[in-house]
Amino acid sequence: MIKFFLMVNKQGQTRLSKYYEHVEINKRTLLETEVIKSCLSRSNEQCSFIEYKDFKLIYRQYAALFIVVGVNDTENEMAIYEFIHNFVEVLDDYFSRVGTRVRALGQEDPTCHGAKPVHHNY
Numbered sequence: 022m023i024k025f026f027l028m029v030n031k032q033g034q035t036r037l038s039k040y041y042e043h044v045e046i047n048k049r050t051l052l053e054t055e056v057i058k059s060c061l062s063r064s065n066e067q068c069s070f071i072e073y074k075d076f077k078l079i080y081r082q083y084a085a086l087f088i089v090v091g092v093n094d095t096e097n098e099m100a101i102y103e104f105i106h107n108f109v110e111v112l113d114d115y116f117s118r119v120g121t122r123v124r125a126l127g128q129e130d131p132t133c134h135g136a137k138p139v140h141h142n143y
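Take the sequence shown: its letters are residues 22 to 143, numbered as in our numbering.
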C-alpha cells in the first residue's frame, strides 16, 4: 500500500506531497526532510529502493526532479518503480498537449511561466 507520494527538486524542496495515511504536519516536515536527504545523498549507481524505518522508499530521478513513493513492506518495488515512470509519462504527455494547444492559439499560458515538460534521463 502506498503511504505517501512526494515530488522534490534537487535543492530538496518539496513541490508536491500526498499522504494516504494521517500524519501530523510537524511529523510530515521531519519525515520529508529525512526521506529527501536519504534519496538525494545516493549516487546514480545505487539502487532506487531504500529500506527506511517501517516502510520502503522507491524513487526515480527525472532531470532536476525526484519522485519518491513510500510504501509498506509488502508492496512490489518494481510495480511502484514502473508506476512512477507511467505517472511522469502522463504528465509529460498532458503538459506537452497543453503547450501545443496554447501555441496553436497564439496565446501564452500565464500558468506555465515558461516551464518545460520533464524529459526522461535514461
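Think of the CB as a built atom: it goes at the ideal place given N, C-alpha and C, for glycine as much as any other residue.
DSSP links Phe25 through a beta bridge to Tyr40 and Gly91. Straight-line spacing of the CA atoms in Asp94 and Glu110 works out to 26 angstroms. Per DSSP, the continuous alpha helix (DSSP H) segment holding Glu53 begins and ends at Ile46 to Leu61.
Here the alpha carbon of Val56 sits roughly 30 angstroms from the alpha carbon of Ser117.
The beta-bridge partner set that DSSP reports for Glu72 consists of Lys77. With a threshold of 16 other beta carbon atoms within 10 Å, Lys48 falls short and is exposed.
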